[in-house]
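A.B. asks:
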Amino acid sequence: MHLLYARFFTKALADLKLIDFKEPFSSLLTQGMVLKDGFKMSKSKGNVVAPTDMIEKYGADATRLFILFATTPSKELEW
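This is the structure in C-alpha cells:
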C-alpha cells in the first residue's frame, strides 16, 4: 500500500512540475510473508506465536537472531 501512496504523490508532484522524476524508487525490495502451517500469520486467524513464549524459552537475543537469519528478506518464512 505504501508503494501506491509513494507513486501517487510522486506523480502529483511531477505533474505540478515540483520534481523532475516520475518514479519514487529506482528499485524496491518487497519483503516476504511469515507463515505458520502454510498460511500467513494473522491475529484474526489465531495462528500466531507469542514473542514472550519464544523469549522465555530461547532468550531475546536468540529469538532476534533466528528472525534475522532464518531466511532472506524477499522470501517467505515458515515459522
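Numbering (full-length UniProt numbering), first residue to last: 1 to 79. Virtual Cβ for every residue (Gly too), placed ideally from N, Cα, C. Quick caveat: nothing in here was measured; it's all calculated off a predicted structure.
With H, G and I counted as helix, E and B as strand and the rest as coil, what does DSSP make of Lys-22?
C.D. replies: coil
A.B. asks: Return the first residue and the last residue of the alpha helix (DSSP H) that Leu-35 is part of.
C.D. replies: First-last for Leu-35: 34 to 36, but that is the beta strand (DSSP E), not the alpha helix (DSSP H).
A.B. asks: Taking Cβ to Cβ, would you say Leu-13 is nearer than 8 Å to Glu-78?
C.D. replies: no
A.B. asks: Please report how far the alpha carbon of Ser-42 lies from the alpha carbon of Phe-21, in whole angstroms.
C.D. replies: Those two C-alpha atoms are separated by around 37 Å.
A.B. asks: Pull up the CB-CB distance for Lys-75 and Gly-46, whole angstroms please, since I reckon it's below 8 Å.
C.D. replies: With a Cβ gap of about 24 Å, Lys-75 and Gly-46 do not count as contacting.
A.B. asks: Using three-state DSSP, classify Lys-11 as helix, strand or coil.
C.D. replies: helix
A.B. asks: Mapping the DSSP letters down to three states, classify Leu-28 as helix, strand or coil.
C.D. replies: coil
A.B. asks: Please determine if the segment 2 to 18 and the segment 52 to 67 are in contact, where contact requires at least 3 C-beta pairs separated by less than 8 Å.
C.D. replies: no
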